Amino acid sequence: MSSTTTAPAGVAKTPKSKKAGAGAASDRSVAENRLGMKLVAPALVVMLFVTAFPMLQALWLSLSNYALTAPDDRSFVGAQNYVTALSDPLFWRTMLVTVGIMVVTVFFELVIGFVFALVMHRVIFARGIIRTSILIPYGVITVVSGFAWQFAFSSTNGFVNAWLPFVEDNFNWFGEQFPALFAICVSEIWKTTPFMSLLLLAGLAQVSEDMIEAAKVDGATWWQRMWKVILPNMRAAIMVAILFRALDAFRIFDNIFVMTGGAVNTESVSFLTYRQVIEQFQIGMGSALSVLLFLSVLVIAFGIVKLFRVDLAAARQEG
Amino acid sequence: MGNTPLRKVGIVLGAALILVWCLLPVAWIISLSFKSQESVTNGSPGFFPSEGGFAGWDNYVAAWDNEQFRRAIFNSIGISLIATVLSVIVATLAAYAIARLEFKGKKLVLSTALAIAMFPVVSLVGPLFDMWRAIGLYDTWPGLIIPYMSFTLPLAIWTLAAFFREIPWEMEQAAQVDGATSWQAFRKVIVPLAAPGVFTAAILTFFFAWNDFVFGISLTSTEAARPIPASLSFFVGSDPFNRPASLLAAGAVIATLPIIVIVLAFQRKIVAGLTSGAVKG
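Here it is as structure tokens:
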């Protein structure tokens, strides 16, 4: 008796509850729909008010010649600002610098972050200490990390020149473009590698140990397991990490502002945009640069998603 | 390979490397903050304060005595806290709806949040600068709180939605069967269960607001609302050609302290929030 009661009860229950759900569907789903929209509305309004609306305004402002220093001379100029920006070597130099920083930092963050993730995945002792300390760079304000590294690379007060045997003690890192960009990249990589390694660690944890064991039993070497089993199964996590870090790196601004102030050709596109709007009050030109910056981010995001052939929305919504 | 000694050595070395990586620059800025200002002006390369160049707490006292600096810390605390509370309330409502209800526009909210998470902050500075001046929000607390809210909402919504999906929702239905309305069931049953997730979202939101720099320097012009990162970057000291490195270091340490305390206290929650929002979410 006892063995038969459980099974039929379960079977009988399913169609019943389905029926009940279908019967109430119209009423309930209408109420649910309304409640859902109401709950989501505040978030949507706040998000759109500060992004979509200003972005549309930027689009409009970018078509006019509008400087706060001469507000009365405002006039509609069409695509003139875009033509000026795109034909100016300054714009392309900042673009090159920005893309360079993005590629270099994301590459090193990915490599170092993955090594960190592997270590954290396997480490047995001192887990708490390591996890806590890896969050410290994430928590440190970017401006502060910029200062820390600027002073570290300083030829008068820093320790980097003294510690590096192949660098002269009075070498000025901020006197030339490439050394200065190197210092900026170091500060960026230091600050954000931990974030990358945490995302990769979460991805590693989702790779099934059984599959790795099976590959081991089949005689796969460490490299083969890494390339054929672990990495393919982490593709979504790796893509999310790269996407978010790349877009973040493309917006680089804080470190550059603190470390070089844009001197010796270290300006990024963000920096150029900021300088046009806030320092020179060129709202029209600055808005055109804002739109170009936004479009670049869209192109990069699209490119990365296409490259990895992962549906981002699906990757995020599924467990 | 198994657990060969070589592998063990590798892991120990790796762990040591991680610790050095994370803590070296922090140790350096702390060390710098204890160097005397004279020794820094004269040039004192090296990691630790040199002989006779140790300043004790002098730099900290000087930084704290600086009116502009104290005011910036106060601004940062106030603005970040208000933005966090508001953002988390709004995000909680949205995340509940996303995790729990079927409704039109769900996809729209998710894709809007995704787009905003990728938004280049600087491209909004121009239009916001113009708008805020027109409606009187420039150089005020709300002028920073509103942008902070909208930029922390995506992360908060994802983190919370990820948490909410793991909540046993049958309990809510049970409460509804017992006669509670949807709202009552949400408030009495789900809110207590969701509290840890909400707390995690709050920490991450606070981090963002505290760390912000672009809005902080662009949408303020005086001490009325300028937050601490912006204030640090504009701090010049008496000699405009020689930034007071050790004083700045002390200021930087003070500004970082609240975050480090939060990290130490809640590291488990932060890791869960960061990874669930980005990978599992």
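Here the protein sequences come in this chain order: V and L.
If you're matching positions, the first sequence starts at 1 in UniProt numbering and goes up one per residue.
If you're matching positions, the second sequence starts at 1 in UniProt numbering and goes up one per residue.
Cβ coordinates follow ideal geometry from the N, Cα and C atoms, glycine included.
If you're wondering where the values come from, they're calculated on a predicted model, not measured in any experiment.
Tell me the DSSP secondary structure of N170 (chain V) in three-state form.
Taking the first residue of the first sequence as position 1, residue 170 (chain V) is located at position 170. The answer is coil: DSSP assigns N170 (chain V) none of H, G, I, E or B.
K104 (chain L) - DSSP class collapsed to helix/strand/coil:
Mapped onto the second sequence, residue 104 (chain L) falls at position 104. K104 (chain L): coil per DSSP, three-state reduction.
Is the CB of Y96 (chain L) under 8 Å away from at least one CB in chain V?
Counted from its first residue, the second sequence places residue 96 (chain L) at position 96. At least one chain V Cβ lies under 8 Å of Y96 (chain L).
Would you list, in chain order, the members of the region 260 to 285 of chain V that have their beta-carbon closer than 7 Å to a beta-carbon of chain L?
S270, T273, Y274, V277, I278 and I283
Quick check on the burial criterion: 16 or more other C-beta atoms within 10 angstroms. Buried or exposed for G43 (chain L)?
Here residue 43 (chain L) is taken as the residue at index 43 of the second sequence, counted from 1. Counting Cβ neighbours within 10 Å, G43 (chain L) comes out exposed, since fewer than 16 surround it.
Does the region 75 to 88 of chain V touch the region 168 to 186 of chain V, meaning 3 or more C-beta pairs lie closer than 8 Å?
no
Same chain, Cβ closer than 7 Å to A245 (chain L), neighbours up to 5 away in sequence not counted
Residue 245 (chain L) sits at position 245 when you count from the first residue of the second sequence. L32 and V40, listed in sequence order.
Output the boundary residues of the alpha helix (DSSP H) element that contains Q57 (chain V).
Sequence index remark: in the first sequence, residue 57 (chain V) carries index 57 (1-based). A52 to L61 is the extent of the alpha helix (DSSP H) around Q57 (chain V).
Coil, strand or helix - S182 (chain L) by DSSP
Within the second sequence, numbered from 1, the residue matching residue 182 (chain L) stands at position 182. It is helical.
So I18 (chain L) and I300 (chain V) are in contact, right, with Cβ under 8 Å, and what is the actual spacing, rounded?
As a position in the second sequence, residue 18 (chain L) is number 18, starting the count at 1. As a position in the first sequence, residue 300 (chain V) is number 300, starting the count at 1. In fact, because the Cβ distance is near 29 Å, the residues do not count as touching under 8 Å.
Among the residues of its own chain, which have a CB less than 8 Å from the CB of R225 (chain V), if the five just before and after it don't count?
Looking up residue 225 (chain V) in the first sequence gives position 225. Counting only Cβ-Cβ distances below 8 Å, and skipping sequence neighbours, we find I212, A215 and K216.
In this structure, how does DSSP classify S64 (chain V) when only helix, strand and coil are distinguished?
In the first sequence, counting from the first residue as 1, residue 64 (chain V) sits at position 64. The answer is strand: DSSP assigns S64 (chain V) an E or B state.
Touch check for the region 74 to 83 of chain V and the region 281 to 291 of chain V: three-plus C-beta pairs under 8 Å?
yes
What is the DSSP secondary structure of S75 (chain V), reduced to helix, strand or coil?
Reading the first sequence from its first residue, position 75 is the one you call residue 75 (chain V). Strand.
What ranges does the alpha helix (DSSP H) occupy inside the region 183 to 259 of chain V, keeping only unbroken runs of at least 4 residues that lie completely in it?
209 to 217, 235 to 250 and 254 to 259
Where V119 (chain V) meets chain L, residues with beta-carbon distance less than 7 Å:
One-based indexing of the first sequence puts residue 119 (chain V) at position 119. Within 7 Å Cβ-Cβ: I11, G14, A15 and I18.
Given a cut-off of 8 Å on the beta-carbon distance, is the pair Q57 (chain V) and P147 (chain L) in contact?
Within the first sequence, the letter at position 57 stands for residue 57 (chain V). Within the second sequence, the letter at position 147 stands for residue 147 (chain L). Their beta carbons are not under 8 Å apart, which means Q57 (chain V) does not touch P147 (chain L) by this criterion.
With distances taken Cα to Cα, identify the nearest neighbour of T220 (chain L) among L:L160, L:P49, L:L257 and L:N75.
For the purposes of this step, residue 220 (chain L) is identified with residue 220 of the second sequence, where counting begins at 1. Among L:L160, L:P49, L:L257 and L:N75, the Cα nearest to that of T220 (chain L) belongs to L:N75.
Using the Cβ count rule (16 or more neighbours within 10 Å means buried), how would you classify W210 (chain L)?
Residue numbering aside, residue 210 (chain L) sits at position 210 when the second sequence is read from its first letter. It is buried - the Cβ of W210 (chain L) has at least 16 other Cβ atoms within 10 Å.
Beta-carbon proximity list for G143 (chain L), same chain, < 7 Å, skipping 5 on both sides
Residue 143 (chain L) sits at position 143 when you count from the first residue of the second sequence. These residues qualify, in order along the chain: W132, L137, L219 and A225.
Mind pulling the chain A residues with CB within less than 8 Å of G158 (chain V)?
Although the question refers to chain A, the structure presented lacks it and instead comprises the protein chains V and L.
Tell me, please, whether the CB atom of N211 (chain L) is closer than 8 Å to any CB atom in chain V?
The residue you call residue 211 (chain L) lines up with position 211 of the second sequence. Closer than 8 Å: yes.
With a threshold of 6 Å on Cβ separation, who are the neighbours of I157 (chain L) within its own chain once the five nearest residues in sequence on each side are excluded?
For the purposes of this step, residue 157 (chain L) is identified with residue 157 of the second sequence, where counting begins at 1. Only A91, A94, A95 and A113 meet the Cβ criterion.
Using a beta-carbon distance cut-off of less than 8 Å, what residues from the region 137 to 170 of chain L approach chain V?
I146, P147, M149, S150, F151, L153, P154, I157, W158 and R165
Just reading off the alpha helix (DSSP H) that Q150 (chain V) is part of, what are its end residues?
Position 150 of the first sequence, counted from the first residue, corresponds to residue 150 (chain V). Taken as a continuous stretch (DSSP letters only), the alpha helix (DSSP H) holding Q150 (chain V) covers T142 to F153.
Whole-number beta carbon distance between L181 (chain V) and T266 (chain V), since they are thought to touch under 8 Å:
Taking the first sequence and counting its residues from 1, one reaches residue 266 (chain V) at position 266. Taking the first sequence and counting its residues from 1, one reaches residue 181 (chain V) at position 181. T266 (chain V) to L181 (chain V), Cβ: 6 Å. Contact.
If we define contact as Cβ-Cβ less than 8 Å, is W28 (chain L) a contact residue for chain V?
For the purposes of this step, residue 28 (chain L) is taken as the residue at position 28 of the second sequence. Chain V contact via Cβ: present.
Would you kindly work out how many angstroms separate the C-alpha atoms of G273 (chain L) and T200 (chain L), rounded to a whole number?
Here residue 273 (chain L) corresponds to residue number 273 of the second sequence, with the count starting at 1. Here residue 200 (chain L) corresponds to residue number 200 of the second sequence, with the count starting at 1. Looking at the two C-alpha atoms, the distance is approximately 6 Å.
Inter-residue CB distance, M196 (chain V) and G100 (chain V) (contact presumed, cutoff 8 Å):
By 1-based counting over the first sequence, the position of residue 196 (chain V) is 196. By 1-based counting over the first sequence, the position of residue 100 (chain V) is 100. About 19 Å; that fails the 8 Å criterion.
Contact under 8 Å by Cβ, G46 (chain L) with F159 (chain V):
Taking the first residue of the second sequence as position 1, residue 46 (chain L) is located at position 46. Taking the first residue of the first sequence as position 1, residue 159 (chain V) is located at position 159. It is a contact, given that the beta carbons lie within the stated cut-off.
Kindly list the residues whose CB is nearer than 7 Å to the CB of V106 (chain V), restricted to its own chain and excluding five residues on each side of it in sequence; keep chain order.
Sequence index remark: in the first sequence, residue 106 (chain V) carries index 106 (1-based). I242, R245, A246 and A249, listed in sequence order.
Return helix, strand or coil for F54 (chain L), following the three-state DSSP convention.
Here residue 54 (chain L) refers to the residue found at position 54 when the second sequence is read from its first residue. DSSP places F54 (chain L) in strand when its eight states are reduced to three.
By a C-beta neighbour count over all protein chains shown, 10 Å radius and 16 as the cutoff for buried, is I135 (chain L) buried or exposed?
The count along the second sequence starts at 1 and reaches residue 135 (chain L) at position 135. Under this definition I135 (chain L) is an exposed residue.
Whole-angstrom Cβ separation of G139 (chain V) and V263 (chain L), contact assumed at under 8 Å?
For the purposes of this step, residue 139 (chain V) is identified with residue 139 of the first sequence, where counting begins at 1. For the purposes of this step, residue 263 (chain L) is identified with residue 263 of the second sequence, where counting begins at 1. So it is a contact: roughly 5 Å between Cβ atoms.
For T181 (chain L), does the count of other Cβ atoms within 10 angstroms reach 16, so buried, or fall short, so exposed?
Locating residue 181 (chain L) in the second sequence gives position 181, counting from the first residue. Counting Cβ neighbours within 10 Å, T181 (chain L) comes out exposed, since fewer than 16 surround it.
Since F308 (chain V) meets chain L, which of its residues come closer than 8 Å, beta carbon to beta carbon?
Residue numbering aside, residue 308 (chain V) sits at position 308 when the first sequence is read from its first letter. Chain L residues near F308 (chain V): none, gap ~14 Å exceeds 8 Å.
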